[in-house]
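In the working numbering, the protein residues as written are 193 to 476.
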Ligand code: SF4
């Protein structure tokens with residue numbers, strides 16, 4: 193039978209670790225992003241329609257491919273109303289080459305739904321956003337955060353990978369999704385603009401540094417608090433004098449599984465390019 197003392201809620205081990213390192217993680221991440229984040233067009237706007245277009249295009253497509261299409265699409269359909277009034281054939285033609293046409297169909301339906309039933313106003317809350325065509329959990333959070341600076345974290349594969357490697361390197365996959373959500377909630381700074389910046393930053397870290405194939409731990413701003421990096425560093429040859437040769441020769445490529453452990457590759461020199469996020473309400 194449990195005593196009163198036994199019934200006290202104790203945070204799981206992973207949460208203690210996160211609480212200990214949360215502040216340093218945020219500070220290091222944000223400083224790095226200020227110096228290295230890419231100046232992407234959808235980071236210069238808070239226009240929900242523009243953010244929506246970028247999020248639909250970025251689903252399963254790389255940033256470099258999306259940039260050109262994003263500008264062209266918005267030149268052709270500058271407003272939600274312009275898109276809503278276009279014919280399906282026109283929209284499909286504008287999407288030509290980007291692939292996954294279901295996204296174009298859903299975006300078009302979404303524009304029509306918002307214009308006809310919501311007076312052309314894209315909702316700002318995740319629950320409302322999820323009622324729109326083609327909007328899942330991630331996209332709802334992304335639009336709420338990137339357009340409206342709501343305090344939610346969109347967890348895509350990049351964000352999930354970073355959180356897992358830094359704070360939950362030993363977590364089993366069954367409990368992982370909930371733990372990642374909880375970690376994101378605990379790490380997210382209060383205040384819309386700071387939350388916006390944090391979400392962009394962690395996504396960028398996963399895209400540029402903590403990549404699925406080759407995590408560049410040597411230039412990573414959060415390596416000092418990363419469970420995976422600390423553990424892997426302890427395994428490096430210099431710490432196991434008798435095993436240098438075997439360790440060095442062991443193949444370390446673990447494939448493209450975002451939940452797999454990292455390779456440790458030193459990459460010389462910082463990323464270039466600076467980010468200058470616009471003020472809320474500015475237009476792209
Ligand atoms: Fe990823 Fe390495 Fe950075 Fe950890 S230290 S977050 S594994 S790149």
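Quick reminder that beta carbons are idealized off the backbone N, C-alpha and C, glycines included.
Placement of the Cβ of residue 401 at a distance of less than 6 Å from at least one heavy atom of the ligand SF4 is found. In the structure shown, residue 412 adopts coil according to DSSP, grouped into three states. Contact check between the stretch 362-375 and the stretch 302-321: fewer than three CB pairs, one atom from each, fall below 8 Å, which does not count as touching.
When C-alpha distances from residue 301 are compared across 281, 288, 317 and 316, the shortest belongs to 281. Within the same chain, 321 come within 6 Å of residue 315 by CB-CB distance, once the 5 residues on both sides are set aside.
Exposure of residue 309 is indicated by the presence of fewer than 16 other C-beta atoms within 10 angstroms of its C-beta.
In this structure, residue 269 lies away from residue 246, with their beta-carbon atoms at least 7 Å apart. Within the DSSP secondary-structure output, residue 407 pairs in a beta bridge with 402. Separation of residue 360 and residue 419 (C-alpha to C-alpha, rounded to the nearest whole angstrom) is 7 Å. By the Cβ-count criterion, residue 341 is buried, with 16 or more other Cβ atoms from all chains shown falling within 10 Å of its own Cβ. Secondary structure of residue 363 (DSSP, three-state): coil. When 386, 296, 399 and 424 are compared, the shortest CA-CA separation from residue 219 is found for 386. For residue 349, the shortest C-beta to heavy atom distance toward the ligand SF4 is 6 Å or greater.
Its Cα nearest to that of residue 369, the residue 347 stands out among 347, 416 and 390. Measuring C-alpha to C-alpha distances from residue 390 to each of 303, 217, 404 and 210 identifies 217 as the nearest. Between residue 225 and residue 392, the beta carbon gap of about 7 Å places them in contact (Cβ cut-off 8 Å). Counting the other CB atoms within 10 Å of its CB gives residue 239 a total of 16 or more, which places it among the buried residues. Taken in chain order, the complete alpha helix (DSSP H) segments of 4 residues or longer contained in the stretch 285-354 are 294-309, 318-321 and 329-340. By the Cβ-count criterion, residue 398 is buried, with 16 or more other Cβ atoms from all chains shown falling within 10 Å of its own Cβ. The alpha-carbon separation between residue 230 and residue 336 amounts to approximately 21 Å. Residue 406 has its Cβ no nearer than 6 Å to any heavy atom of the ligand SF4. Minimum Cα-Cα distance from residue 243 among the listed residues 332, 349, 294 and 357 corresponds to 332. Secondary structure at residue 420: helix, using DSSP grouped into helix, strand and coil. For residue 414, the shortest separation between its Cβ and any heavy atom of the ligand SF4 lies below 6 Å.
For residue 384, same chain residues with a beta-carbon under 6 Å away, outside a window of 5 residues either side, are 341 in chain order. Judged by the Cβ position, residue 214 fails to qualify as a neighbour of the ligand SF4 at the 6 Å threshold, every heavy atom of the ligand being at least this far. With contacts defined by Cβ atoms closer than 7 Å, residue 276 and residue 303 form a contacting pair.
For residue 381, there is no enclosing alpha helix (DSSP H), since its DSSP letter is neither H nor E.
Taking residue 415 as the centre and dropping the five residues before and after it, the same chain places the C-beta of 409 and 421 closer than 7 Å to its C-beta, in chain order.
Between residue 404 and residue 356, the beta carbon gap of about 11 Å keeps them out of contact (Cβ cut-off 8 Å).
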